[in-house]
Amino acid sequence: MRPTLIIGTMIFVLTGMAYTFWWPALVRHNRTYWLTPGDIWPTLRLAHFVQWGDLSYVYLFNYPIVTLPGFNVLLAPFAALSSTLNLTEMAPGGFPFKPEAWLLIGPICFAVAGVGFFACDALARRIGTGTPARRILLAAEAAAFWPAIVMWGHPEDVLAFGLAVYALLALSDERPILAGWLLGFALSMQLFVVLLVPIFIGVTGVRKARDLLLRAIVIPGFLLLAVLVPDFHDAFSRLTKQPGYPTILHPTPWINLAPHISRIEVSSGPVHLLTVVVAVGIGFLARRWRHDWPSIFWLMAVAAGIRSFFEPVMAPYYVMPAVAVAFAVGSAQGRVRSTLTLASGLGLTVMTFSHSSEWTYWLEMVGLMGAMLFSARPPVPVQSDAGARGADGSDAAMSTVHVRHP
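Read in the numbering used here, the sequence shown has 1207 at position 273, and its numbers run on one by one without any break.
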C-alpha cells in the first residue's frame, strides 16, 4: 500500500492545483484569476514574520490565527524562498489575480495530505482492515481532506490530525516517549488536539502519563512563551477568546452563549470550555477501555467530533478530524457498517457547506455526525468480573470480552 499512498498523495496535489487553476475558467468562464484558498495567505504572511525574526508578534496585526504558530514556523523557509525569487503573493493592499507564490506554496500545502493518508492507513492496518478496504479508505480520506486544504487553505489541521493519530499509534505500540513528542508537534500545529489529551492520559494512567506529557509540552510550551512574553495582551486575547466570524462562517445555537468582541466577531473560547469538560469524560471512558484499541481509536473520533457539537461558529473543515478517524475505524467494521460510515461522513462533509437557520444547520450536523460515529463504533468491550485485578493489586490481569453488534 505504500506506493499506493504515495501515488494518492501525488494525485491529490495534481488535482488540487488543477482545481485552483482551471475551476474559474471551466465553471465560472473567467480565465483572469486562480481560485487559491483564501486562508493560506495570512498563514504565509505570518510565515514571513517568522522569517524576519518577528515570531513574537504574529498576533499583533489582527491576522485570523487562533492557534499556536507551529505551522508558520514550518512554512518560514518556503516563505523566504518565495521572497528570494521575488514571487508575487496576496498581502494587505496587494491582490494579484494569479499570485506566483502559489506555484511554490500550493504543492507544499497540498502534499501535507500525505501525512493524513499514511496515518489513517496505519490506523486501519492496526485494527485489521484488509488491503481492498484500505484502497477505498484512501479515496474517502481524500474527500475528507479536500475542503480543509484545497478549498479553505488549512493544511495545519490535517498535519495536526495525522501527527495525533501517529502519537496514539505509538502509544498502542508501547512507545510513550515517541507518543509524547508526536503529541507535542500536533499541539503546536492546532489546538483542537487538546481534546485528545485526556485519551492519552486515560490509556496510560495519570502517573505514567507524566513523562509523556512532559515531552508533549516542550514544543508548544516554547511557542507559547515566545508569543506571550513580548506581546502578552494580543497573544493571550487571541488564544483565549478564539474569535469566530458569524457573518462569514455559519453560526450555530451556541452563538447565543458566546460573548461579542465586535460587530463581526464573537468569542468562542468560553463555549469551548464545554468541549474540554466532555473530553475529560471521554478520558475516563478511555481508561475503562484502555486494553481495547479499536474502541480507543473510536473515542478519538468522538473527541474530535465534540468540537463541532459545541462550536458557536462553524467552518466546514472543522468536522474533518472526526470524519477522517471515523472512516478509518469504520473500515474494519464490515461492509454494511463501513458503507454507512462512508455515506454519513461524506454527507456530513457536504452538508457543512449548506446555508440554513442556526438550529436547522446544527441539528443536521449533529444528526449526521451521530450516525457516522454510531456506524463506525467497534464492538463494545465488556470487562469480565473475573480477573478485574491481579493478585498484586494491579489491573494488568483485566480481561475483555467483545460484544458484537447484530
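C-beta atoms are modelled at their ideal positions from N, C-alpha and C, and glycine is treated no differently. Keep in mind the model is a prediction, meaning the values are calculated, not measured.
- [ ] Can you grab the Cα-Cα spacing for the pair residue 1328 / residue 1107, in whole Å?
- [x] Against the sequence shown, residue 1328 aligns to sequence position 394. Against the sequence shown, residue 1107 aligns to sequence position 173. For residue 1328, the predicted model reports a pLDDT of 40, less than 50, meaning its position is unreliable; a value from the coordinates is still stated below. About 20 Å.
Open item on the list: Taking 8 Å as the threshold (C-beta atoms), are residue 1266 and residue 1062 in contact?
Closed with: Position 128 of the sequence shown, counted from the start, is the residue given in the question as residue 1062. Position 332 of the sequence shown, counted from the start, is the residue given in the question as residue 1266. Yes, Cβ-Cβ distance for residue 1062 and residue 1266 is below 8 Å.
Open item on the list: Looking at the secondary structure, which residues open and close the alpha helix (DSSP H) in which residue 1055 lies?
Closed with: As a working note, residue 1055 is residue 121 in the sequence shown. Residues 1047-1060.
Open item on the list: Please return the same chain residues whose Cβ sits closer than 8 Å to the Cβ of residue 1204, not counting the five positions on each side in sequence.
Closed with: To locate residue 1204, count along the sequence shown from 1; it is residue 270. The residues are 1191, 1192 and 1193.
Task: Euclidean distance between Cα positions of residue 1227 and residue 1218 - done: Taking the sequence shown and counting its residues from 1, one reaches residue 1227 at position 293. Taking the sequence shown and counting its residues from 1, one reaches residue 1218 at position 284. C-alpha separation (whole angstroms): 15 Å.
Task: Cβ-based neighbour list, residue 1114, same chain, cut-off 6 Å, excluding 5 preceding and 5 following - done: The residue you call residue 1114 lines up with position 180 of the sequence shown. Hits under 6 Å: 1146, 1149 and 1150.
- [ ] Out of 1249, 1302 and 1310, state which residue places its alpha-carbon closest to the alpha-carbon of residue 1081.
- [x] Looking up residue 1081 in the sequence shown gives position 147. Per the Cα distances, 1249.
Task: Whole-angstrom C-beta distance between residue 1272 and residue 1067, which should lie under 8 Å - done: Mapped onto the sequence shown, residue 1067 falls at position 133. Mapped onto the sequence shown, residue 1272 falls at position 338. Right, their Cβ atoms sit about 7 Å apart.
- [ ] Taking only the alpha-carbon atoms, compute the straight-line gap between residue 1022 and residue 1013 and give it to the nearest angstrom.
- [x] Against the sequence shown, residue 1022 aligns to sequence position 88. Against the sequence shown, residue 1013 aligns to sequence position 79. Spanning the two alpha carbons is a distance of roughly 11 Å.
Task: Endpoints, alpha helix (DSSP H) assigned at residue 1077 - done: Working through the sequence shown from its first residue, we reach residue 1077 at position 143. Unbroken alpha helix (DSSP H) run through residue 1077: 1065-1080.
- [ ] Have a look at residue 1240 and residue 1207 and give me their C-alpha separation to the nearest angstrom.
- [x] Translated into positions along the sequence shown, residue 1240 becomes position 306. Translated into positions along the sequence shown, residue 1207 becomes position 273. Rounded to the nearest angstrom, the two C-alpha atoms are 11 Å apart.
- [ ] Measure the beta-carbon distance from residue 966 to residue 1124 and round it to whole angstroms, keeping in mind my assumption that it falls under 8 Å.
- [x] Position 32 of the sequence shown, counted from the first residue, corresponds to residue 966. Position 190 of the sequence shown, counted from the first residue, corresponds to residue 1124. Wrong, their Cβ atoms sit about 34 Å apart, outside the cutoff.
- [ ] Quick one: measure Cβ to Cβ for residue 1121 and residue 1154, integer angstroms, because I've assumed they're closer than 8 Å.
- [x] Looking up residue 1121 in the sequence shown gives position 187. Looking up residue 1154 in the sequence shown gives position 220. Yes, residue 1121 and residue 1154 are in contact; Cβ-Cβ is about 4 Å, under 8 Å.
- [ ] Please specify which runs of the alpha helix (DSSP H), each continuous and at least 4 residues long, are wholly inside the stretch 1274-1311, giving them in chain order.
- [x] 1292-1310
- [ ] With hydrogens ignored, establish whether the beta-carbon of residue 1218 is closer than 7 Å to any heavy atom of the ligand NAP.
- [x] By its list of ligands, the structure shown contains no ligand whatsoever, and the ligand NAP lies outside what it can speak to.
TODO: Tell me whether residue 961 sits in a helix, a strand or coil according to DSSP, three-state version.
DONE: Your numbering for residue 961 matches position 27 in the sequence shown. In the three-state DSSP reduction, residue 961 falls in the coil class, being neither helix nor strand.
Task: Contiguous alpha helix (DSSP H) assignments of at least 4 residues, all confined to the stretch 1157-1205 - done: 1166-1175
Task: Whole-Å CB distance - residue 1343 paired with residue 1116, under 8 Å assumed - done: This structure cannot settle anything about residue 1343, because the visible part of the chain is limited to 935 through 1340.
Open item on the list: Please classify residue 1073 as buried or exposed, where buried requires at least 16 other C-beta atoms within 10 Å of its C-beta.
Closed with: The residue you call residue 1073 lines up with position 139 of the sequence shown. Residue 1073 comes out exposed.
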